[in-house]
Amino acid sequence: MKINDKEIKKILLDQHYITEKDIQKAEEKISQEGGSVVDYLLSQEIITEDLIGQAMAEYFHAPYANLQKTKIENEIFSLIPELVAKNNEVIAISKTEEGVKIGMTNPHDLETKHLIEKRMADIVIPYYITPWDLKNALERYRTDIKVAFKKNITQLEDPDLSNEKKDALSVKMVDMLLQYGYESKASDIHIEPYEKKISIRFRIDGLMHDVLEIPKQFSELIVTRIKILSKMRTDEHRAAQDGKLRFQTEKENVDVRVSVVPVSQGENIVMRILSAQSRQFGLTSIGFASADHKKVNEAIKHPHGMILVTGPTGSGKTTTLYAVLKILNKRDVHISTIEDPIEYDIEGVSQIQVNKKTELTFAKGLRAIVRQDPDIIMVGEIRDEETSNIAVNSALTGHLVLSTFHTNDASTALPRLLDMNVEPFLVASTINVVIAQRLVRKICEKCRFSFHLSPDEIKLIESNSHINTAFKKKKIKDIKKTNFYKGSGCLVCGHTGYDGRIGIFEVLEMDNDIKELVLKRASSDEIEKKARENGMSTMFEDGVEKVLNGITTLEEVMRVSRD
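Spelled out as structure tokens, the structure:
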């Protein structure tokens, strides 16, 4: 029994997960642009996949299994063959004394239930799982990368192996590396040559993880294959090269940005995986607290002005800009961007790639964009005086301009613009809001537990005025009785205690007090002091809020906000 969009809508309404007003908005939108009501509700963050799962489970009178928070052991998962799992939309979750827990998109499917019981010779307990979770789970039917690579390397070591077969094996290994990196939610794949080996590491949740090592003699096969895919010169080994490739998964076509740099032991490769599915472009999902979310939403409603997102490289600035663009991207406006590089293609947006060879810089691209009759402009980064002046003047002449900037906090961004010879009156009259951010690792929900601080930990915190101030602002009366959280480490998080990342933010609004300080060329310290008096929470304070809510740890917040 397939549940269609209309029936899901009724179930969500009956169980009060959404309102008639939500449905009306959704239907108006899809009548213009197509799609489904459920897709619209998810994209606008009116409801989450998890809440839909709970609602559907209630409808089926079955328990709900959220597979994003569940690690399924390989031996349990393989109890149901791939063909059976795909054809019947069912997977094995766990084995208990009561029987085998199975996930189904239709727990009322008795035929499939009896089939699994017969196959396992055991009682099965049906749980409801969402179609999204099922699709992700089905990707588990693959061989472990270390085992698969070892098998391929054994074949490559055969002295009688033909060149054609060697090439075929190199194709297979590179494909496997990309698929495994994607499934591991890695942002980057590093291939690093040493004297006798090649080390392959993944960057997951901002930190590097060793994946495997392969003998040095096979490096040329792998490097050549990657260069061919990225349309690079295979005979060039002394110069740095940049390229791009694309590979296909069951869910999407994934773009990969490739950088090859010569090092003492060969060529170092870094592949940046640009998966649209791996990022949730929603202001709430990336970590904005309700007060900051409201400030940003108000700022993007202005028809003109500037929204600046600031922070170091790798702090998620581009993701935040894309989240804002997603909200602004409507058919009645024209959006143009100039980016280096274009990380994600956005339908309905004119995106320009910076190109040094043709001297297409941010400044030149921005000048060209202004002549293209845009309503909204995104500049990937303000790097120099010329770009900053064009961007500010564009905001002054009726455009909404979004951009990123490299400063440590929100208040420093304003004096930094003045240092780039932007007139104070222009900064004061064009900036709507400045967002500063960092990324922290989230505690794994599967193995999270609460604890109280030890006397030594309390002493350490009490000796830190920065932490004490943040705790006082959050009205923590007795730190000894306060619950803190961390992950014990499990299979879901690879025994790290962390799974995924989220932003910590500070949002500085350009109110009249801040405008006056900018006109006086006040220091960043004066601007921050006034902004905090007017209600701004610092990144550290936002981080502490997430610590107290069990989202991250104090160690993580301290690690990313050491400056």
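Quick note on numbering: the sequence shown equals residues 1 to 563 in the working numbering.
For every residue, glycine included, the Cβ atom is placed at its ideal position computed from N, Cα and C.
In the three-state DSSP reduction, I335 falls in the strand class (E or B).
Cβ-Cβ separation between E98 and I123: approximately 7 Å, consistent with a contact (criterion under 8 Å).
Taken in chain order, the complete alpha helix (DSSP H) segments of 4 or more residues contained in the region 486-552 are 512-519, 524-533, 539-548. In this structure M208 is exposed. Its beta-carbon is surrounded by fewer than 16 other beta-carbon atoms within 10 angstroms.
As the crow flies, the alpha-carbon of V392 is around 20 Å from that of T320.
Put simply, the region 189-198 does not touch the region 229-243. Fewer than three CB pairs are less than 8 Å apart.
Check the Cα spacing between N483 and each of G489, C493, G494, F471: the tightest is with F471. For G181, the three-state secondary structure derived from DSSP is helix. Within the DSSP bridge table, the entry for L439 names G503 as partners.
In the three-state reduction of the DSSP assignment, P262 falls in the strand class, which pools E and B.
Under the DSSP assignment, V37 falls in the alpha helix (DSSP H) whose first and last residues are 37-43.
Only residues of its own chain outside the window of five on either side were considered, and among them A470, F471, K474, V557 have a CB closer than 7 Å to the CB of V544, listed in chain order. Between L328 and I346, the gap from beta carbon to beta carbon reaches 8 Å or more.
By DSSP's assignment, S403 forms a beta bridge with L308, V379. The bridge partners DSSP lists for K357 come to none. Around K515, the same chain offers A428 as residues with beta carbons nearer than 6 Å, after the five sequence neighbours per side are excluded.
Two segments are said to touch when three or more pairs of C-beta atoms, one from each, lie closer than 8 Å; by this definition the region 526-542 touches the region 284-304.
Ranking M306, R367, R441, Y344 by CA distance to the CA of G398 puts M306 first. Secondary structure note for M232: it is in no alpha helix (DSSP H), with a DSSP letter that is neither H nor E. When beta bridges are read from the DSSP output, N268 appears opposite V261. Bounds of the beta strand (DSSP E) holding L212 are 207-215. As far as DSSP is concerned, I369 takes part in no beta bridge.
Excluding the 5 residues flanking it on each side, R246 has same chain C-beta neighbours closer than 6 Å at N253, D255, in chain order. Of the other Cβ atoms in all chains shown, fewer than 16 fall within 10 Å of the Cβ of D160; this residue is therefore exposed. Rounded to the nearest angstrom, the gap between the Cα atoms of T337 and L134 is 36 Å. Contact check for Q353 and P341: beta-carbon distance about 6 Å, within the 8 Å limit, so the pair qualifies.
In terms of CA proximity to I46, Q24 leads the group A62, Q24, I467. DSSP places Y128 within a strand segment (E or B) once states are collapsed to three.
Residue nearest to D22 within the set I551, D5, Q44 is Q44 (criterion: CA-CA distance). For D242, the pairing in a beta bridge is given by DSSP as S259. For the pair T361 and T105, the Cα-to-Cα distance works out to about 50 Å. Closest by C-alpha distance to E183, out of G365, K520, N421, S275, is S275. When C-alpha distances from T552 are compared across E339, G497, H114, K151, the shortest belongs to G497. Between the beta-carbon of L169 and that of L156 there is about 6 Å, and that keeps the pair under the 8 Å contact cut.
With contacts defined by Cβ atoms closer than 8 Å, V440 and V270 do not form a contacting pair. Taking each of E111, E298, I369, C444 in turn and checking the Cα distance to V324, the smallest one comes out for E298.
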